[in-house]
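See structure below.
In the working numbering, the protein residues as written are 2 to 299.
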């Protein structure tokens, strides 16, 4: 009797987040046998660990998965809980086959198939879609002295309720997509001193310009050369906020659209940070050099 894992004709999708569910629905729609393997006991597990104030920084009309639109009740920029409900409804509507509580522990090529070592045993498939999430594992810079710092060092993934920062001195490192999201929320509570450490200033989108959601211009922008979009984004920022260099936000040497296309780094979306910066609530400081037990050296 052979000990080789059983060959399946179906496609296996690893992960029941947004990407995994969309891939499974697309395959099922084309009558391709598919099965989703999910380590947790429910869909959208990563979203459930995000902080309670989180909203998508993409407009609802640009954020739906294939075959089912985000409901208008989710708002223009859906919040975390609305997105979780949507993903639950999406999996149910398309009756997606999901094996919950199964963790993939290894993946290797064996001839014309893939072999998956899972917590439920070994199996094989001709095609595997890995949809575990680009940002599933937080990445922390290896700053000298960080292990001796007596304060608290948190990754943005562990931001939590913004009220926990009331009255505290906070240094936010970076004002990209995640950093600006954190600063947007901190601008709504009475913190102590609030700083943001930057190497380069981001290109910052207003959520709306003259009442119009700026992101709805995205499909048009995609038709233009990157260099043209880089310039248009700078003009949009200038119209919305003026010259942010006056408040310490130096422009990045690479344009925002070019960075998005080459590194996946999205422009930042303002929802309170810039007003707090101009009001003096946020101070821009240089990049971190090292940590000391009771301070940060810039």
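For each residue, glycine too, the CB sits at the ideal point set by N, CA and C.
In three-state terms, what does DSSP make of residue i?
i, result
"residue 180", "helix"
"residue 232", "helix"
"residue 274", "helix"
"residue 64", "coil"
"residue 46", "helix"
"residue 153", "coil"
To the nearest angstrom, report how far apart residue i and residue j are at their CA atoms.
i, j, result
"residue 243", "residue 104", "50 Å"
"residue 284", "residue 19", "36 Å"
"residue 227", "residue 149", "44 Å"
"residue 201", "residue 51", "26 Å"
"residue 237", "residue 93", "40 Å"
"residue 48", "residue 85", "7 Å"
"residue 191", "residue 210", "27 Å"
"residue 34", "residue 71", "26 Å"
"residue 120", "residue 133", "16 Å"
"residue 58", "residue 81", "11 Å"
"residue 167", "residue 195", "11 Å"
Taking 7 Å as the cut-off, is the C-beta of residue i nearer than that to any heavy atom in the ligand MG?
i, result
"residue 164", "The ligand MG is absent from the structure shown, which contains no ligand whatsoever."
Quick one: measure Cβ to Cβ for residue i and residue j, integer angstroms, because I've assumed they're closer than 8 Å.
i, j, result
"residue 176", "residue 197", "5 Å"
"residue 208", "residue 272", "5 Å"
"residue 193", "residue 170", "4 Å"
"residue 158", "residue 139", "5 Å"
"residue 289", "residue 299", "6 Å"
"residue 199", "residue 91", "Their Cβ separation, rounded to whole angstroms, is 38 Å, which puts residue 199 and residue 91 out of contact at 8 Å."
"residue 183", "residue 160", "6 Å"
"residue 37", "residue 97", "6 Å"
Mind checking residue i: buried by the 16 CB within 10 Å criterion, or exposed?
i, result
"residue 263", "exposed"
"residue 88", "buried"
"residue 26", "buried"
"residue 296", "exposed"
"residue 111", "exposed"
> Where are the beta strand (DSSP E) runs, 3 residues long or more, that stay fully inside the segment 83 to 149, in chain order?
Replying inline: 99 to 101, 105 to 111, 114 to 119, 122 to 131
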